[in-house]
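Quick note: the sequence shown uses the UniProt record's numbering, first residue 1, plus one each step. From the three backbone atoms N, C-alpha and C, an ideal C-beta is built for every residue, glycine too. Please read all numbers here as calculations on a predicted model, not as lab measurements.
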Amino acid sequence: MIIIALIVLFVLFFILYYSFLSANPWSNSMTKDKILSFIPEKFALKIKIINSKTNLSLLQYPLIFKPVICNGNGKGVQKIENEHEAKMYMKKTTEEFIIAQEYYPGTYEVGVLYERYPFSKNGKIISIVSKTTDKDWKPLRCNSCSFKKGVDCKILNTTPALEKRIDEISKLIPNFYVGRYDIRFDSLDDFEKGENFKILEINGVMGFDLRTSIDSNASMFTTVENLLYWVGRRVIIGFENILMLNGGNVFDALNFISKLQTYEKCCDYEHLFQPSST
1 MIIIALIVLF VLFFILYYSF LSANPWSNSM TKDKILSFIP EKFALKIKII NSKTNLSLLQ
61 YPLIFKPVIC NGNGKGVQKI ENEHEAKMYM KKTTEEFIIA QEYYPGTYEV GVLYERYPFS
121 KNGKIISIVS KTTDKDWKPL RCNSCSFKKG VDCKILNTTP ALEKRIDEIS KLIPNFYVGR
181 YDIRFDSLDD FEKGENFKIL EINGVMGFDL RTSIDSNASM FTTVENLLYW VGRRVIIGFE
241 NILMLNGGNV FDALNFISKL QTYEKCCDYE HLFQPSST
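And the structure:
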């Protein structure tokens, strides 16, 4: 009886886990640089994949270096001013491949959370959180109850024009239904019109709603409630994909060993909920 109960629990867990993974039914080749390659040129920053054999003197600085795989929570993300700094970075990194991205300062930086249900024609912006920036570039995280060394953030309202633009861009990315855009721009008016901004990064299924992290008055119950709601939406979106015969790779979902290896390598639990990278 206990064995049957354990089997039932595992099956239920796997259905939820597989549905979550199927929110964006990507293969393991869909790395962050590949995702960014689908962004229209006017909203994209130039990127180049480099490794230890790359001639760093040929790069145009300043650049942002970030690992292709282990880059969660800003890990390994650094502004590189010149060839000397590039050599020092490549000497220290344990990553095989690095994204060298065009540097774009921008006056404002925002996190735009986007979601689209497969049964629906259009997606929508769930939230926009603005982060203060300064001249000393660094990966930006919001101040919160659990993280006090970040920057001040505030919630912005969306506009129909911006939502339409983000939806248009999102539909250009194969099998992209949920995620958070990290965007920089100089004019708030232009941004609200869906114009003149640059996309720094797209965080897929694990792109969190930043509103929860900056609400210092939120109770533990509210925080947990928001987290469950966030997870639930992804499970539903993934289940709709499964019903449309567009679910993720079942064998990849069962490949826990590979996911654990990437988790151990990157020290980032997000890799447990993404396609295997090894």
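- Apart from sequence neighbours up to five positions away, the residues of its chain that approach L16 with a beta-carbon distance below 7 Å are V235, ordered along the chain.
- Shown here, N241 sits in a helix according to DSSP, grouped into three states.
- Residue nearest to K79 within the set K53, L56 and Y103 is Y103 (criterion: CA-CA distance).
- Relative to the Cα of F10, the nearest Cα in the group Y108, R116 and L254 belongs to L254.
- Proximity to S258 across L12, I4, V8 and N28 peaks at N28, based on C-alpha coordinates.
- For A100, the secondary structure class from DSSP, reduced to helix, strand or coil, is strand.
- Of all alpha-carbon atoms in K42, P40 and L63, the one lying nearest the alpha-carbon of I50 is that of L63.
- Taking each of C153, I47, E95 and E83 in turn and checking the Cα distance to Y61, the smallest one comes out for E83.
- Beta-bridge analysis with DSSP links D182 to G111 and E201.
- The residues V205, V231, R234, V235, G238 and F273, in chain order, have a CB closer than 8 Å to that of F20 in the same chain once the five nearest residues on each side in sequence are set aside.
- Of all C-beta pairs linking the region 96 to 111 to the region 176 to 185, three or more are shorter than 8 Å, placing the two stretches in contact.
- Residue range I2 to L21 is occupied by the alpha helix (DSSP H) that includes L6.
- The count of Cβ pairs closer than 8 Å, one atom from the region 110 to 129 and one from the region 160 to 172, reaches three, so the stretches are in contact.
- Taking the Cα positions, A44 is about 11 Å away from I202.
- Taking C-beta atoms under 8 Å as the contact rule, V129 and L210 qualify, at a distance of about 4 Å.
- The DSSP-derived three-state label of I47 is strand.
- Under DSSP, I80 takes part in a beta bridge, and its partners are L63.
- In this structure, the beta-carbon distance from P25 to N241 falls below 7 Å.
- For S127, the enclosing beta strand (DSSP E) stretches over residues K124 to K131.
- Minimum Cα-Cα distance from T93 among the listed residues S52, E81, S57 and V112 corresponds to S52.
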